[in-house]
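In my numbering, the protein residues as written are 838 to 970.
See structure below.
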Amino acid sequence: MKIHERIVSYFESCTSQVDKEGFLHKKGERKTSYQKRWFVLKGNLLFYKDRPADRDVTGVIVLEGCTVQLCESEEQFAFSLVWGEPGLRTYKFAAEDQAGQESWIKALLSANHSYLALLVMDLEKKYRGDLQE
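Given below as C-alpha cells:
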C-alpha cells in the first residue's frame, strides 16, 4: 500500500493518542545487523525513525493482517511481524529486555484490526447479556 510521505509524517507527529513508543532494535532488509530505532505505535501503524527528536519518519509499517511471533535467533528478546501473503516482508525486532519484549508484543497484538473487532463482539455479547438479566 502506498501512503503519501507528508500524510505519514503529519499523522506520526500530530497529537493523536500514542499506544506505545520506545526504542527497539530492527533488523534491516539489506543490512543483516540490528539497528536501534525509535518506534511509535498509533492505531495499526508502526512508525520508526533514528531518534525520538527527529522530525522525519524513516518508515511506517501497516500492521493489518500480520501476526507477531517470538524468534528463535541469536538475538535475545527477539520477535517478528509476519504476514500470511507470499512475497510480503517479515520484520525482525529485538527489545532491550524481556519486559520490553512482552509489552511490545502485547501492544502490537492489540493493534491488529481483527483483535479489536473480537473485543467489540465480546463487549456486545456482554452488554446484551446484561440487558437480558
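For glycine and all other residues, C-beta sits at the position ideal for the given N, C-alpha and C.
Quantities reported herein were computed from a predicted structural model and do not represent experimental measurements.
Counting only the same chain and skipping the five closest in sequence on each side, list residues whose C-beta sits under 8 Å from that of residue 944.
As a working note, residue 944 is residue 107 in the sequence shown. Contacts found: 856, 857, 878.
Can you list, in chain order, the residues of its chain whose CB lies under 6 Å from that of residue 885, leaving out five sequence neighbours each side?
Against the sequence shown, residue 885 aligns to sequence position 48. Excluding positions up to five away in sequence, the list reads 874, 876, 895, 896.
Taking DSSP as the reference, what is the three-state secondary structure of residue 947?
Against the sequence shown, residue 947 aligns to sequence position 110. Residue state, collapsed to three classes: helix.
Could you check if residue 962 is buried or exposed, using at least 16 other CB atoms within 10 Å of its CB as the buried criterion?
Here residue 962 corresponds to residue number 125 of the sequence shown, with the count starting at 1. Sixteen is the threshold: since fewer than 16 other Cβ atoms of the shown chains lie within 10 Å of the Cβ of residue 962, the residue is exposed.
Would you list the residues sitting across from residue 868 in a DSSP beta bridge?
Walking along the sequence shown from the start, residue 868 turns up at place 31. BP columns for residue 868 are empty, so no partner.
At what residue ranges does the segment 882-923 contain a whole run of the beta strand (DSSP E), taking only runs of 3 or more?
882-886, 896-899, 903-907, 915-920
Considering just the uninterrupted stretch of the beta strand (DSSP E) at residue 931, what are its terminal residues?
Indexing the sequence shown from 1 puts residue 931 at position 94. Run containing residue 931: 928-931, per the beta strand (DSSP E) assignment.
My assumption, with CB atoms under 8 Å, is that residue 932 sits in contact with residue 882. Please give the rounded CB distance.
Numbered from 1 along the sequence shown, position 95 holds the residue referred to as residue 932. Numbered from 1 along the sequence shown, position 45 holds the residue referred to as residue 882. Taking the Cβ atoms as the reference, residue 932 lies roughly 19 Å from residue 882, outside the contact range of under 8 Å.
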